[in-house]
């Protein structure tokens with residue numbers, strides 16, 4: 001028997017409860033894993049609370065990432081006892097996910113846990129860290145160099161943003177962090193490598209088509225009017241990596257930044273990232289994240305606390321990473 005957080009729907013409301021299940025309940029998969037750790041992401045929060053149409057079939061075990069140990073495998077790439085990591089691939093959305101003590105997954109979705117990382121550290125990075133690394137790579141691929149100017153990171157207090165600040169700082173970029181709670185989160189963001197922290201309210205006023213050029217690059221996790229404001233303030237020949245919609249999925253902007261300032265807007269998705277790109281990103285994360293990153297404020301909670309923290313994360317009340325030990 002194993003414990004799992006199971007989502008059901010009653011009267012169009014999502015109900016989360018801890019259930020005891022046996023292996024016969026597991027979905028089909030090549031590899032059965034004992035889950036060491038999972039993490040709580042914004043998307044998980046939307047799924048558990050029912051605030052977003054993330055889950056379309058019930059019952060469902062949420063959790064879009066996990067790190068654990070192989071119990072059985074019908075795929076020759078993985079053997080009993082191997083440590084593995086899963087992020088994305090629709091797990092926790094349309095296939096049972098990481099918020100359980102056991103999971104059954106396709107081998108193609110897994111990557112080996114790199115030496116030097118524990119399962120807990122891997123989930124401190126998790127989907128958020130992988131997404132952040134892909135965003136940073138987009139900035140690099142856009143030929144934005146540290147000497148070109150400041151790099152803006154919106155939603156910097158969240159999972160993706162906090163890792164992005166750390167990675168950019170490690171690479172020598174001058175990072176400016178945007179947070180809705182500067183007094184509370186400013187010291188942590190500066191510790192992670194931000195040169196300064198500015199209030200999100202500065203980006204919530206409607207943007208003109210073009211504003212003063214300020215940023216050499218940007219990573220946006222918010223979307224909507226915040227992203228529109230960022231685009232209006234980008235330098236000539238700059239790159240913006242967009243990976244989130246915490247502020248909304250609309251984009252009230254014009255083509256002006258793109259055609260007059262040669263701004264590149266690069267969408268970033270980590271869910272279906274190909275294996276080679278995914279493993280390369282994990283290798284870079286292991287190389288670039290300093291030991292101090294893993295000493296930051298990380299909240300470890302039991303499975304039973306996931307619904308409460310899911311509510312908190314969707315209300316913008318969570319700073320940094322939340323990891324769950326099932």
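Numbering (my numbering), first residue to last: 1 to 326. Glycine is no exception: its CB is placed at the ideal position from the N, C-alpha and C atoms. Values in this document were obtained by computation on a predicted structure and should not be read as measured data.
Residue 185 in three-state terms, based on DSSP: Residue state, collapsed to three classes: helix.
Buried/exposed call for residue 267, threshold 16 Cβ in 10 Å: With fewer than 16 Cβ atoms within 10 Å of its Cβ, residue 267 is classed as exposed.
Outcome for residue 88 when other beta-carbon atoms lying within 10 angstroms are tallied against a minimum of 16: buried
Boundaries of the beta strand (DSSP E) in which residue 220 is found, first to last residue: Unbroken beta strand (DSSP E) run through residue 220: 215–220.
Between the CA atoms of residue 281 and residue 189 - distance to the nearest angstrom: 23 Å
Cβ pair residue 240, residue 155 closer than 7 Å: no
Residue of 235, 200, 211 minimising C-alpha distance to residue 224: Taking only the C-alpha atoms, the option nearest residue 224 is 200.
Extent of the continuous beta strand (DSSP E) run through residue 150: Boundaries of the beta strand (DSSP E) around residue 150: 150–153.
Of the residues 145, 253, 164, the one placed nearest residue 237, counting alpha carbons only: 145
Residue span of the beta strand (DSSP E) that contains residue 140, given as start and end: Per DSSP, residue 140 belongs to no beta strand (DSSP E); it is in the alpha helix (DSSP H), 119–141.
Residue 54: first and last residue of the uninterrupted beta strand (DSSP E) it sits in: Careful: residue 54 lies outside any beta strand (DSSP E) and carries neither H nor E.
Pairwise C-alpha distance: residue 192 and residue 111: 27 Å
Cβ-based neighbour list, residue 13, same chain, cut-off 8 Å, excluding 5 preceding and 5 following: 50
As assigned by DSSP and simplified to three states, the class of residue 293: helix
Integer Cβ distance of residue 127 from residue 270, believed to fall under 8 Å: About 6 Å; that satisfies the 8 Å criterion.
Member of 286, 84, 207 whose CA lies at the smallest distance from the CA of residue 73: Cα-wise, what sits closest to residue 73 is 84.
Cβ-based neighbour list, residue 210, same chain, cut-off 6 Å, excluding 5 preceding and 5 following: 232, 256
Span of the alpha helix (DSSP H) around residue 236: From DSSP, residue 236 is part of no alpha helix (DSSP H) but of the beta strand (DSSP E) over 234–242.
Local conformation of residue 112 per DSSP, three classes: Three-state result, residue 112: strand.
Cut-off 8 Å between Cβ atoms - residues of its own chain near residue 309, not counting five sequence neighbours on either side: 40, 45, 299, 301, 318, 322
Test item: CB-CB of residue 31 and residue 78 under 7 Å: yes
Within-7 Å CB hit, residue 294 to chain B: No chain B appears in the structure shown, which is made up of a single protein chain.
Residue 4 vs residue 19 beta-carbon contact at 7 Å: yes
Segment contact, 8 Å Cβ cut-off, at least three pairs: the stretch 173–184 with the stretch 88–98: no
CB contact flag (residue 174, residue 157, <7 Å): no
Backbone CA spacing between residue 296 and residue 105 [nearest angstrom]: If I take the Cα positions, the gap works out to 31 Å.
Residue 253 and residue 228 closer than 7 Å at C-beta: yes
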